[in-house]
Amino acid sequence: MNKFLRTFLLLLITEGCDFGSIELDKVKGPSIDNAFAINLGNIKYTVGELIDDLEDESLEVTEGSDFSMSFIFRDTSFFDDVDSFVEVGEITNTDSFSPFDVDIPAIGTEATVTIPTKNFEFEFNPENGERLDSTFFSGGTLTYTLSSDFDIEIDYILTLKDVKNSDNEPLIFDRTLPAISSSDSQSRSLAGLKNVSRRIGSSNIFEVALDMTLHIPAGKTINASDEVAIELAFIDSQFSALFGDFGSDPVEVQKDSILISAFDEFSENGLALNNPSITMDFVNTFGVELGVSLDEITSFNADNSELTLAGSVVDNNQFVDAPNNTQLGQGVKSSFSIDKSNSNIDELLNTTPNKMVFDLTAIPNPPASDNINNYLTDSSYVEIVTTVEIPLDLKMDGFSKEFELSVSGSDLNDADSLKINIEVINEIPFNGLLNLSFIDDDGNALYTLAEIALITSPEIGIDGRSTEPTITLSSVALDEEGIDAFLNSTEVIASMSIFTLGHQDGDFVKIYSDYLLEIHLTAEGKASIDL
Numbered sequence: 006m007n008k009f010l011r012t013f014l015l016l017l018i019t020e021g022c023d024f025g026s027i028e029l030d031k032v033k034g035p036s037i038d039n040a041f042a043i044n045l046g047n048i049k050y051t052v053g054e055l056i057d058d059l060e061d062e063s064l065e066v067t068e069g070s071d072f073s074m075s076f077i078f079r080d081t082s083f084f085d086d087v088d089s090f091v092e093v094g095e096i097t098n099t100d101s102f103s104p105f106d107v108d109i110p111a112i113g114t115e116a117t118v119t120i121p122t123k124n125f126e127f128e129f130n131p132e133n134g135e136r137l138d139s140t141f142f143s144g145g146t147l148t149y150t151l152s153s154d155f156d157i158e159i160d161y162i163l164t165l166k167d168v169k170n171s172d173n174e175p176l177i178f179d180r181t182l183p184a185i186s187s188s189d190s191q192s193r194s195l196a197g198l199k200n201v202s203r204r205i206g207s208s209n210i211f212e213v214a215l216d217m218t219l220h221i222p223a224g225k226t227i228n229a230s231d232e233v234a235i236e237l238a239f240i241d242s243q244f245s246a247l248f249g250d251f252g253s254d255p256v257e258v259q260k261d262s263i264l265i266s267a268f269d270e271f272s273e274n275g276l277a278l279n280n281p282s283i284t285m286d287f288v289n290t291f292g293v294e295l296g297v298s299l300d301e302i303t304s305f306n307a308d309n310s311e312l313t314l315a316g317s318v319v320d321n322n323q324f325v326d327a328p329n330n331t332q333l334g335q336g337v338k339s340s341f342s343i344d345k346s347n348s349n350i351d352e353l354l355n356t357t358p359n360k361m362v363f364d365l366t367a368i369p370n371p372p373a374s375d376n377i378n379n380y381l382t383d384s385s386y387v388e389i390v391t392t393v394e395i396p397l398d399l400k401m402d403g404f405s406k407e408f409e410l411s412v413s414g415s416d417l418n419d420a421d422s423l424k425i426n427i428e429v430i431n432e433i434p435f436n437g438l439l440n441l442s443f444i445d446d447d448g449n450a451l452y453t454l455a456e457i458a459l460i461t462s463p464e465i466g467i468d469g470r471s472t473e474p475t476i477t478l479s480s481v482a483l484d485e486e487g488i489d490a491f492l493n494s495t496e497v498i499a500s501m502s503i504f505t506l507g508h509q510d511g512d513f514v515k516i517y518s519d520y521l522l523e524i525h526l527t528a529e530g531k532a533s534i535d536l
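Letter 196 of the sequence shown, counting from 1, is numbered 201 in my numbering, and no numbers are missing.
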């Protein structure tokens with residue numbers, strides 16, 4: 006085009022003139038101004054699309070039928086440490102007795118003496134003294150040693166009256182202790198056995214019976230001080246089920262955290278949430294009702310500052326129900342909520358934390374419990390589903406958001422005047438300011454236009470939704486430095502600083518997913534062309 010205009014104008018100038026009298030090398034063509042307008046780019050997002058840009062794998066976004074939105078952060082944890090309730094460990098019992106009250110002198114012939122049944126009461130006490138009614142073993146070893154001061158043969162029957170097999174019959178050892186031995190030891194697996202006990206004082210008692218027949222040789226004297234002793238041990242015992250009363254010693258049922266990195270997008274510029282909540286859903290398969298303490302739920306910010314949950318939900322332990330003895334192996338559900346009516350949860354989340362830590366302690370058999378019979382199995386567990394829900398019902402004071410536009414200023418390298426026009430169409434209830442930065446290939450900001458456009462909020466109707474969108478037009482002329490920066494840029498970054506409608510009066514606004522924001526950028530200018 007430039008070449009065509011130059012030729013055309015030269016023809017006009019030289020027509021009818023004395024061409025031979027003109028010194029062409031001294032002729033300078035006139036300049037003309039070529040006006041132009043180009044589209045720099047368009048930004049068109051619904052709120053739902055903006056939310057989709059949040060890079061947070063842990064974030065769920067729910068949308069109601071009315072397009073209302075909520076952020077959801079969810080975590081599931083399991084507690085299955087049965088030893089926290091009852092730890093059996095190794096249990097060893099020893100006892101002895103003297104079959105005769107007086108010395109028995111030697112006689113001339115061999116004698117056989119049957120000793121009346123001797124009953125022993127042995128203890129089966131867990132490490133913390135919980136009451137146990139019955140223990141069903143899945144592993145471990147039962148071992149006993151019968152020792153005698155008599156150097157005579159003894160036939161004995163050791164009956165563990167309260168240690169029973171799968172047929173509910175007591176465990177019996179029918180053995181002979183030879184005269185040449187001072188003791189006899191036996192072991193067997195505990196798998197498949199159960200131990201039944203009764204509570205006496207602070208101990209769990211089970212009975213063992215010993216029947217003996219002594220074969221006394223001729224000429225053998227028996228002393229009244231001679232004893233028979235029994236040592237009985239449960240070693241490395243494992244159980245498939247325990248029944249009893251497990252007391253009220255605290256148990257740590259959860260130590261977990263939820264990352265909330267999506268809040269990084271919101272920084273800490275005056276974000277306030279109207280009605281955040283946490284719901285905790287428990288499935289309890291332990292036969293133990295629990296009182297859960299929430300006094301160690303804490304939010305942590307990027308600078309590691311922290312804030313701990315407080316309020317009536319913390320002052321009173323939360324009740325978690327349990328299955329009864331007819332529901333062995335089944336789970337019972339319990340739920341409770343944490344919201345601003347019973348806690349300071351809004352304060353915890355308004356600090357825009359990047360992490361929340363849930364360190365929950367439970368009291369077995371709390372005062373509200375009416376379950377007097379506890380049980381657990383080797384597969385018992387508590388499942389805890391923690392759901393943090395943040396409805397987009399909020400106020401913000403200074404939230405910022407950036408958009409990128411690809412441009413090529415070099416396409417206008419002849420421009421000597423340039424004006425940037427901005428059109429903003431907004432359905433979202435916020436006001437704000439728009440900044441533009443010209444960015445080069447290396448990501449450097451060459452020039453910034455600060456607060457060049459206003460973003461105005463639409464009015465809110467009685468249904469809580471915005472009415473007609475607002476349209477704002479702005480224009481700014483670039484100085485020489487700005488033009489040069491624009492011509493050398495490959496990208497324009499549009500950044501907004503926004504304030505929700507009525508935030509200064511403490512008003513909250515609901516954000517709906519179908520709300521639309523449009524920003525149109527155009528460049529308008531002139532390029533001088535020398536002919």
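Every residue, glycine too, gets a C-beta built ideally from N, C-alpha and C. Values in this document were obtained by computation on a predicted structure and should not be read as measured data.
Straight-line measurement puts the Cα of Asp189 at about 45 Å from the Cα of Gln335. If you look at Asp286, you'll find it in the beta strand (DSSP E) that goes Ser282 to Asn289. The beta-carbon distance between Phe324 and Ile389, rounded to whole angstroms, is 14 Å. This is too long to meet the 8 Å contact definition. Under the criterion of beta carbons closer than 8 Å, Asn133 and Glu212 do not qualify as touching, at roughly 24 Å. Three or more Cβ pairs drawn from the segment 237 to 245 and the segment 88 to 107 lie within less than 8 Å of each other, which places the two stretches in contact. Burial is judged here by how many other beta carbons sit within 10 angstroms of a residue's own beta carbon; Arg180 has fewer than 16 and is exposed. If the five residues before and after Gly197 are omitted, its C-beta is found closer than 6 Å to the C-beta atoms of Ser171, all from its own chain and listed in chain order. Within the same chain, and ignoring the five residues on either side of Ala455 in sequence, the residues whose Cβ sits closer than 6 Å to its Cβ are Asn440. Setting aside the 5 residues that flank it on each side, Thr527 is surrounded in the same chain by Ala42, Ile43, Asn44, Leu45 and Asn426, each with a C-beta closer than 7 Å to its C-beta; the list follows chain order.
Annotated three-state conformation of Val497 is strand, per DSSP. DSSP places Leu506 in the coil class of the three-state scheme, outside both helix and strand.
Rounded to the nearest whole angstrom, the C-alpha separation of Ser139 and Met285 is 33 Å. Here DSSP, grouped into helix, strand and coil, assigns Ile56 to helix. Within 10 angstroms of the beta-carbon of Leu478 lie fewer than 16 other beta-carbons, which makes it exposed.
With respect to Thr356, Leu312 sits close: the two C-beta atoms are nearer than 8 Å. Here Thr114 carries a coil assignment [DSSP, helix/strand/coil].
In the structure shown, Asn228 adopts coil according to DSSP, grouped into three states. When secondary structure is reduced to three states using DSSP, Ser171 falls in the coil class, being assigned neither helix nor strand. Within the same chain, Asn359 come within 6 Å of Ala307 by CB-CB distance, once the 5 residues on both sides are set aside. Phe404 and Ala277 have their alpha carbons spaced roughly 11 Å apart. Residue state for Leu354 is assigned as helix, using DSSP reduced to three classes. In the three-state DSSP reduction, Asp88 falls in the helix class (H, G or I). In the DSSP annotation of this structure, Leu333 is not part of any alpha helix (DSSP H), being labelled neither H nor E. Beta-bridge pairing by DSSP links Asn47 to His525. Unbroken beta strand (DSSP E) stretches of 3 residues or longer found wholly inside the segment 434 to 460: 435 to 444 and 450 to 460, given in chain order.
Restricting attention to Glu294, Pro396, Phe363 and Glu407, the CA atom closest to the CA of Asp351 is found in Pro396.
In the three-state reduction of the DSSP assignment, Gly511 falls in the coil class, being assigned neither a helical nor a strand state. In the DSSP annotation of this structure, the continuous segment of the beta strand (DSSP E) that includes Ala482 starts and ends at Thr475 to Ala482. Looking at the backbone, the Cα of Val233 and that of Pro104 are separated by about 8 Å. Here the segment 113 to 124 makes contact with the segment 218 to 229; the two share three or more CB pairs at distances below 8 Å. Listed in chain order, the beta strand (DSSP E) runs fully inside the segment 196 to 265 are 199 to 201, 203 to 205, 208 to 221, 233 to 250 and 256 to 264, counting runs of at least 3 residues. For Asp489, the secondary structure class from DSSP, reduced to helix, strand or coil, is helix.
Taking a cut-off of 8 Å on C-beta distances, the segment 341 to 348 does not touch the segment 245 to 261, as fewer than three cross pairs fall below it. According to DSSP, Met401 shares a beta bridge with no other residue.
Of the residues Ser518, Gly530, Ala111 and Glu128, the one whose Cα lies closest to the Cα of Val66 is Ser518. A Cβ-Cβ separation of about 6 Å places Leu423 in contact with Phe491 under the 8 Å criterion.
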